[in-house]
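Undergrad:
In our numbering, the protein residues as written are 1 to 165.
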């Protein structure tokens, strides 16, 4: 019985990929794969000239990152929803925008972790005061009228260095 099993195994393996096999090797519903390779396009860089996408707070004060997290903001222009992190808690809500105005809906949702040593309330109040923005040198600048409230970048910026001398 054992020699018979070995012969069957050899026969199955030899028939499976033989050049004389005229059975189709791909689904006919899918487009044929071309023999010549095409150059893959490089991954697109994050667009710093548009409002949508993920932004990280550019810390100015040590308190901006007191808990070790850099606040993050993700703006979905299609749904006008935002998500992110305050530096302590996750947040989400709605916003409205034009080419120069940006307003966050006052009814936002946050998780409720304790943020000892971090003034999350002030951070959220500042975010809610936003009524305009500008994009400048790859930075998103949130503003209240002509007053700059905060700066956001596409890449995480390290914590500010505090001189302890």
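Don't be surprised by glycine CBs; every beta carbon is placed ideally from N, CA and C.
Can you check DSSP and say which residues form a bridge with residue 148?
TA: As a first step, residue 148 must be located in the chain shown, where it is residue number 148. Beta-bridge pairing links residue 148 to 143.
Undergrad: Taking the C-alpha atoms as reference points, what is the distance between residue 129 and residue 54?
TA: Taking the first residue of the chain shown as position 1, residue 129 is located at position 129. Taking the first residue of the chain shown as position 1, residue 54 is located at position 54. In a straight line, the C-alpha of residue 129 is about 20 Å away from that of residue 54.
Undergrad: Which same chain residues, not among the five before or five after residue 89, have their C-beta less than 8 Å away from its C-beta?
TA: For the purposes of this step, residue 89 is identified with residue 89 of the chain shown, where counting begins at 1. Excluding positions up to five away in sequence, the list reads 110, 111, 112, 113, 115 and 120.
Undergrad: Check whether the Cβ atoms of residue 152 and residue 67 sit closer than 8 Å, and answer yes or no.
TA: Residue mapping note: residue 152 aligns to position 152 of the chain shown, counting from 1. Residue mapping note: residue 67 aligns to position 67 of the chain shown, counting from 1. Contact flag unset, no.
Undergrad: Let's see if you can read the secondary structure: which residues bound the beta strand (DSSP E) around residue 83?
TA: Along the chain shown, read from residue 1 onward, the residue named residue 83 stands at position 83. Run containing residue 83: 81 to 85, per the beta strand (DSSP E) assignment.
Undergrad: So the candidates are 138, 93, 118 and 135; which of them puts its Cα closest to the Cα of residue 70?
TA: Numbered from its first residue, the chain shown carries residue 70 at position 70. Looking at the Cα atoms, 118 is the closest of the given residues.
Undergrad: Who does residue 74 pair with in a DSSP beta bridge?
TA: Walking along the chain shown from the start, residue 74 turns up at place 74. Looking at the DSSP assignment, residue 74 forms a beta bridge with 54 and 83.
Undergrad: Is the beta carbon of residue 142 sitting closer than 8 Å to the one on residue 51?
TA: Position 142 of the chain shown, counted from the first residue, corresponds to residue 142. Position 51 of the chain shown, counted from the first residue, corresponds to residue 51. No, Cβ-Cβ distance for residue 142 and residue 51 is not below 8 Å.
Undergrad: Starting from residue 91, trace the beta strand (DSSP E) in both directions and tell me its first and last residue.
TA: Taking the chain shown and counting its residues from 1, the one referred to as residue 91 is at position 91. That run of the beta strand (DSSP E) goes 90 to 97.
Undergrad: With C-beta atoms as the reference, is residue 123 less than 8 Å away from residue 86?
TA: Start at 1 with the first residue of the chain shown, and residue 123 comes out as number 123. Start at 1 with the first residue of the chain shown, and residue 86 comes out as number 86. Contact: yes.
Undergrad: Could you tell me which of 155, 95 and 148 sits nearest to residue 107, measuring between CA atoms?
TA: For the purposes of this step, residue 107 is taken as the residue at position 107 of the chain shown. For residue 107, the nearest C-alpha among the options comes from 95.
Undergrad: Run the CB neighbour count on residue 144, radius 10 Å, all protein chains shown included, and call it buried at 16 or more, exposed below.
TA: Numbered from its first residue, the chain shown carries residue 144 at position 144. So residue 144 ends up on the exposed side.
Undergrad: Using beta-carbon positions only, say whether residue 155 and residue 82 come within less than 8 Å of one another.
TA: Translated into positions along the chain shown, residue 155 becomes position 155. Translated into positions along the chain shown, residue 82 becomes position 82. For residue 155 and residue 82, no; Cβs fall outside 8 Å.
Undergrad: Got a sec, what are the start and stop residues for the beta strand (DSSP E) residue 134 sits in?
TA: Looking up residue 134 in the chain shown gives position 134. Counting along the chain, the beta strand (DSSP E) containing residue 134 begins and ends at 132 to 136.
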